[in-house]
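As they're listed, the protein sequences go chains A and B.
Under this note's numbering, the letters of the first sequence match residues 1 to 324, in that order.
Under this note's numbering, the letters of the second sequence match residues 1001 to 1324, in that order.
Glycine included, every Cβ here is placed at the ideal spot set by N, Cα and C.
In this text the structure is predicted, and so the values were computed from the model without any measurement.
Working notes, beginning with the structure itself.
Protein chains: 2
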Amino acid sequence: MDYDQSYRNYREIIDEHLKRLITESEPAGLYEPIKYILFAGGKRIRPTLLLLACESLGGNYKGALNAAVAVEIFHNFTLVHDDIMDNADLRRGIQTIHKKWDMNTAILSGDAMFAIAYKLLSQTKSNRLSEIFTAFSQSAIEVCEGQALDLELETKFDVTVDDYIKMINKKTASLIKNSVKIGGLIADGSEEQILALENYGLNLGLAFQFQDDLLDVIADEEFGKSIGGDIVNGKRTFLLLRAKELTKDKDREIIMRVFNKDGIDASLVPIVKEIYYRCGVIEETQNKVKFYTELAVKSIEDLPKSRARDMLIWLANKLCERKI
Amino acid sequence: MDYDQSYRNYREIIDEHLKRLITESEPAGLYEPIKYILFAGGKRIRPTLLLLACESLGGNYKGALNAAVAVEIFHNFTLVHDDIMDNADLRRGIQTIHKKWDMNTAILSGDAMFAIAYKLLSQTKSNRLSEIFTAFSQSAIEVCEGQALDLELETKFDVTVDDYIKMINKKTASLIKNSVKIGGLIADGSEEQILALENYGLNLGLAFQFQDDLLDVIADEEFGKSIGGDIVNGKRTFLLLRAKELTKDKDREIIMRVFNKDGIDASLVPIVKEIYYRCGVIEETQNKVKFYTELAVKSIEDLPKSRARDMLIWLANKLCERKI
Chain A
1 MDYDQSYRNY REIIDEHLKR LITESEPAGL YEPIKYILFA GGKRIRPTLL LLACESLGGN
61 YKGALNAAVA VEIFHNFTLV HDDIMDNADL RRGIQTIHKK WDMNTAILSG DAMFAIAYKL
121 LSQTKSNRLS EIFTAFSQSA IEVCEGQALD LELETKFDVT VDDYIKMINK KTASLIKNSV
181 KIGGLIADGS EEQILALENY GLNLGLAFQF QDDLLDVIAD EEFGKSIGGD IVNGKRTFLL
241 LRAKELTKDK DREIIMRVFN KDGIDASLVP IVKEIYYRCG VIEETQNKVK FYTELAVKSI
301 EDLPKSRARD MLIWLANKLC ERKI
Chain B
1001 MDYDQSYRNY REIIDEHLKR LITESEPAGL YEPIKYILFA GGKRIRPTLL LLACESLGGN
1061 YKGALNAAVA VEIFHNFTLV HDDIMDNADL RRGIQTIHKK WDMNTAILSG DAMFAIAYKL
1121 LSQTKSNRLS EIFTAFSQSA IEVCEGQALD LELETKFDVT VDDYIKMINK KTASLIKNSV
1181 KIGGLIADGS EEQILALENY GLNLGLAFQF QDDLLDVIAD EEFGKSIGGD IVNGKRTFLL
1241 LRAKELTKDK DREIIMRVFN KDGIDASLVP IVKEIYYRCG VIEETQNKVK FYTELAVKSI
1301 EDLPKSRARD MLIWLANKLC ERKI
């Protein structure tokens, strides 16, 4: 079986487990939106990574399924609350919960998803439960801190590339890092093995976020991403913050207009895109994606050879080409 | 030392432990509101009950401090999010977080408090960690379900006393029940002892909520509660729902105006209050408070005699007279 097929299988196993677990229906005002978002077709990247991490250290994926689903539900909770804060209308091509229902429903169903995630995690059989809970909770705190930093980033004038790195470290990389760590803990791996997985997850998370910023600018329209959304919204991505450092004169003026969200519309997208290429920030970001992906792959090189480990390597490369 | 003094001591221990633990300050947009609400002077009822429950089964309260503080932080998280949903301006005499800052800050600092609560719980030393986490998570889910039922209760026409009981069972009683259960689990009590504590907590929680509804109508102004707030807001309390069943003719018309939030103001409060007395719902509620308090006390009668057990009994009586 090739890796693409294996990945589809993992997704299916995760989806089925989710469906088996989320059976409550009352109060409907709580569980309808929860099912709506959970079954809107996520890529299940974090739970797949968790299962693979567990298997790569010799564990049985079945013992990690509750934890995998917990991580996915937690991730969806953050999406629901982030969408309120960002006032987003759409998620995965469908209306966000606060648009389809209302804000109270979105706050409360998010909170309940957070609680459900922990309940499922509690059902994990492991003699390292305390470490598992600490990792999950530490990550949950960091995701909140990362979101607070992100909100700060969008409003403060004095923002640097360093602030951005700190933010994505917490908002994006932390949950991926701790997902693989939890997989390793369930497999009862050694300290060094778990450290290897953490390194893999952290670097993969960073690569993933740089790639996300990049795709907004250079993805093909057919890929399904609308091009230049970040530019039009003046979102302070790595590209924008780094271009602010690299440009001068007329170019910098345009970059500052984006930075200050000052009269930008779609007509500016090709101009900014050209500046990004010219000042070298596109290449720099591509190099960062490559660098962090390689670091991720290298981190788990010394783990015992197994199909799961090789699939983690495949998945890192795949994710950062975004072919899936 | 008398029980009043003991209770003050427990509160102090809890406050000090909270202060020792919540030391983060960055990002300020996240931690300032968290400290603001946590140190606004709560009564610390739930963590005190948790510590006493632990001691009543022979445990050392020090081993239960992290869990006690976790329960208090979780409770405060629910207040922050409930205040958004209820659009409340004040809490404990100070501005609510979404009023003093903004809604995003209130959503996010609430989420972070939830995560911090779990992180502290993870630091509890116990060989029954899985049960502790399950109890805490089950309670968190029920609190969300209870809040969803409460929102439903306020908008549906066809609402009964039974819907109300179901709601307070989840929204109020569940966390009190599970707080004492967790205390008992940390002390590694027997199944029967823990069941006794759960029964105590559940019934105390119910008594507490009935008393809360009652106080809105009959408390002295000097007690610090504004009288009749629930009536003016058309809040569907036990008193209102039961009066709807008990009244007829002109009285029922007035009760239905409150129920339908139809042109009610402060001038109606003494009239509704008189109806409540006349139809017997005041006495009925007082009897319920007494009934559930006695049930709570009786539930732990067979626990080994100890100062902690006796203080749990004292606290139940005290809370339901609301002298503290």
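Per DSSP, cross-strand counterpart(s) of residue i
i        : result
A:Leu214 : Note: A:Leu214 sits in no beta bridge, so no partner.
A:Arg91  : A:Ile94
Element boundaries [alpha helix (DSSP H), containing residue i]
i         : result
A:Lys273  : 269-279
B:Val1161 : 1161-1168
B:Arg1242 : 1238-1246
A:Pro47   : 45-56
A:Tyr118  : 103-122
A:Gly228  : Element bounds for A:Gly228: n/a, residue is neither H nor E.
Cross-chain neighbours of residue i in chain A, by beta carbon under 7 Å
i         : result
B:Cys1144 : Leu30, Leu108, Asp111, Ala112, Ala115
B:Ser1137 : Ala115, Tyr118, Lys119, Ser122
B:Glu1152 : Pro27, Gly29
Residue i, DSSP secondary structure in three states
i         : result
B:Asn1009 : helix
A:Ile300  : coil
B:Thr1172 : helix
A:Ala40   : coil
A:Asp86   : coil
A:Arg257  : helix
A:Gly29   : helix
A:Met311  : helix
A:Lys125  : coil
A:Asn317  : helix
B:Ala988  : The structure shown has nothing for residue 988 of chain B, since chain B only spans 1001 to 1324.
B:Tyr1003 : helix
A:Ser190  : coil
A:Phe157  : coil
B:Lys1177 : helix
B:Lys1235 : coil
A:Lys19   : helix
A:Ser130  : helix
A:Asn66   : helix
A:Ala140  : helix
B:Asn974  : The structure shown does not extend to residue 974 of chain B, since chain B spans only 1001 to 1324, so no value can be given for it.
A:Gly146  : helix
A:Asp249  : helix
Amino acids of chain B, ordered along the chain, whose beta-carbon sits closer than 7 Å to that of residue i
i        : result
A:Thr134 : Lys1119, Ser1122
A:Gly147 : Strictly speaking, residue 147 of chain A in this sequence is Gln, with Gly absent from that position. What A:Gln147 touches in chain B: Leu1108.
Chain-ordered chain A contacts of residue i [CB-CB under 8 Å]
i         : result
B:Ser1390 : Residue 1390 of chain B is absent from the model: chain B starts at 1001 and stops at 1324.
B:His1081 : Ile107, Leu108, Asp111
9 Å Cβ cut-off: residues of chain B touching residue i
i        : result
A:Leu129 : Ser1122, Leu1129, Ser1130, Phe1133
A:Ala140 : Asp1111, Ala1112, Phe1114, Ala1115, Ile1116, Tyr1118, Lys1119
A:Ile84  : Met1103, Asn1104, Ile1107
| request: Please confirm if the region 273-285 of chain A is in contact with the region 238-253 of chain A, defined as three or more CB-CB distances below 8 Å between the two stretches. | output: yes
| said: Taking contact to mean 3 or more Cβ pairs, one atom from each stretch, closer than 8 Å, check whether the region 132-148 of chain A and the region 89-104 of chain A are in contact. | reply: no
| message | With three or more beta-carbon pairs closer than 8 Å as the criterion, would you say the region 1047-1060 of chain B touches the region 1299-1318 of chain B? | response | yes
| the region 168-176 of chain A contacting the region 25-42 of chain A, beta-carbon criterion three pairs below 8 Å | no
| Within the chosen definition, does the region 1178-1193 of chain B reach the region 1251-1270 of chain B through at least 3 CB pairs nearer than 8 Å? | no
| task | Give a yes or no on contact between the region 62-72 of chain A and the region 17-30 of chain A, applying the rule of three or more CB pairs nearer than 8 Å. | result | yes
| said: For the pair the region 117-131 of chain A and the region 1162-1169 of chain B, tell me if three or more CB-CB distances fall below 8 Å. | reply: no
| request: Give a yes or no on contact between the region 1286-1304 of chain B and the region 1193-1212 of chain B, applying the rule of three or more CB pairs nearer than 8 Å. | output: yes
| request: State whether the region 1002-1009 of chain B contacts the region 206-214 of chain A, with contact taken as three or more CB pairs (one from each stretch) at a distance under 8 Å. | output: By the C-beta criterion, the region 1002-1009 of chain B is judged not to be in contact with the region 206-214 of chain A, since fewer than 3 inter-stretch pairs fall below 8 Å.
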